[in-house]
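K.L.:
Pasting in a structure now, in structure tokens, and then I'll have a few things to ask.
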Amino acid sequence: MQKLQLSLAIIKPHAVKNPVALSYIRNVIKNSFIVVKTRRICLEKETAEDFYKEHIQKFFFNRLITFMTSGSIDLHIISHTNAVKLWRKMLGPTKVYKAQFEEPNCLRGMFGISDTRNVAHGSDSVTSAEREIKFFFPEFSFYDWHTHDEITYR
Ligand code: RTP
Ligand code: MG
């Protein structure tokens with residue numbers, strides 16, 4: 171049996187505020203992954219800066235922090251044998267012009283507004299997924315998550 175991988179999907183504020191986008195994205199997630207845990211939060215500025223600290227030198231950093239703290243975000247721990255790559259494939263390219271012209275059926279192609287408002291985040295590796303899940307779900311147990319009965323989708 172292949173081992174299940176975990177990834178973290180974050181639905182960004184503009185998509186959480188858009189009922190059509192949100193319900194489409196939630197269905198896509200539900201139909202493709204085991205949803206291990208979900209949580210809706212509002213990011214504090216300091217938490218957003220910490221989460222995105224690898225981008226602190228980038229020209230878009232302030233814009234990204236302002237946007238990510240502008241409304242609720244939905245966090246999902248998702249599981250699949252190929253969770254990291256599959257979710258990023260479903261998201262499509264970071265750059266929205268690329269997503270819209272090259273992969274119009276990906277989530278960023280369908281609902282992306284700009285390179286910052288590009289629908290959702292996906293962990294870029296198994297190591298990043300573990301770090302990001304620990305960041306938002308410090309109580310989460312990586313060893314026995316599959317034995318809990320809280321695997322759910324609200
Ligand atoms: P993510 O981390 O959110 O899954 O996205 P990614 O790997 O595809 O992109 P990354 O290079 O890690 O970028 C981090 C976040 O910065 C935003 N961004 N804004 N020009 C811009 O305004 C710009 N460029 C990148 C992205 O939306 C991404 O969430
Ligand atoms: Mg990234």
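Quick note: the sequence shown uses our numbering, first residue 171, plus one each step. Ideal Cβ placement from N, Cα and C applies to all residues, glycine included.
#1: Anyone know if the C-beta pair for L261 and L277 falls short of 8 Å?
#2: Taking C-alpha atoms, which residue in A179, S298, P308, P263 lies nearest to V198?
#3: As an exercise, report each continuous alpha helix (DSSP H) stretch of at least 4 residues that is fully enclosed by the region 280-319, in chain order.
#4: State the Cα-Cα distance for the pair I181 and I243, rounded to the nearest angstrom.
#5: According to the neighbour-count rule (16 or more other Cβ atoms, all chains shown, within 10 Å of its Cβ), is R324 buried or exposed?
#6: Exposed or buried, S311, counting other C-beta atoms within 10 Å across all chains shown (16 or more means buried)?
#7: Classify S329 as buried or exposed, calling it buried when 16 or more other Cβ atoms lie within 10 Å of its own Cβ.
#8: Helix, strand or coil, according to DSSP, for I248 in the structure here?
#9: Is D294 near ligand 2 - that is, is its Cβ less than 7 Å away from at least one heavy atom of it?
#10: Output the distance between the C-alpha atoms of M238 and T251, rounded to the nearest integer angstrom.
P.N.:
Looking at the atomic coordinates:
#1: Annotated as proximal: L261 and L277, with beta-carbon spacing under 8 Å.
#2: For V198, the nearest C-alpha among the options comes from A179.
#3: If you keep only unbroken alpha helix (DSSP H) runs of at least 4 residues inside the region 280-319, you get 296-306.
#4: Taking the CA atoms as reference points, I181 sits about 6 Å from I243.
#5: At R324 the pLDDT is 49, less than 50, meaning the model places this residue with poor confidence and gives no usable figure here.
#6: Exposed is the call here.
#7: Because the chain in this structure spans residues 171 to 324, residue 329 falls outside the shown range and cannot be described.
#8: Strand at I248.
#9: D294 has its Cβ nearer than 7 Å to a heavy atom of ligand 2.
#10: In a straight line, the C-alpha of M238 is about 29 Å away from that of T251.
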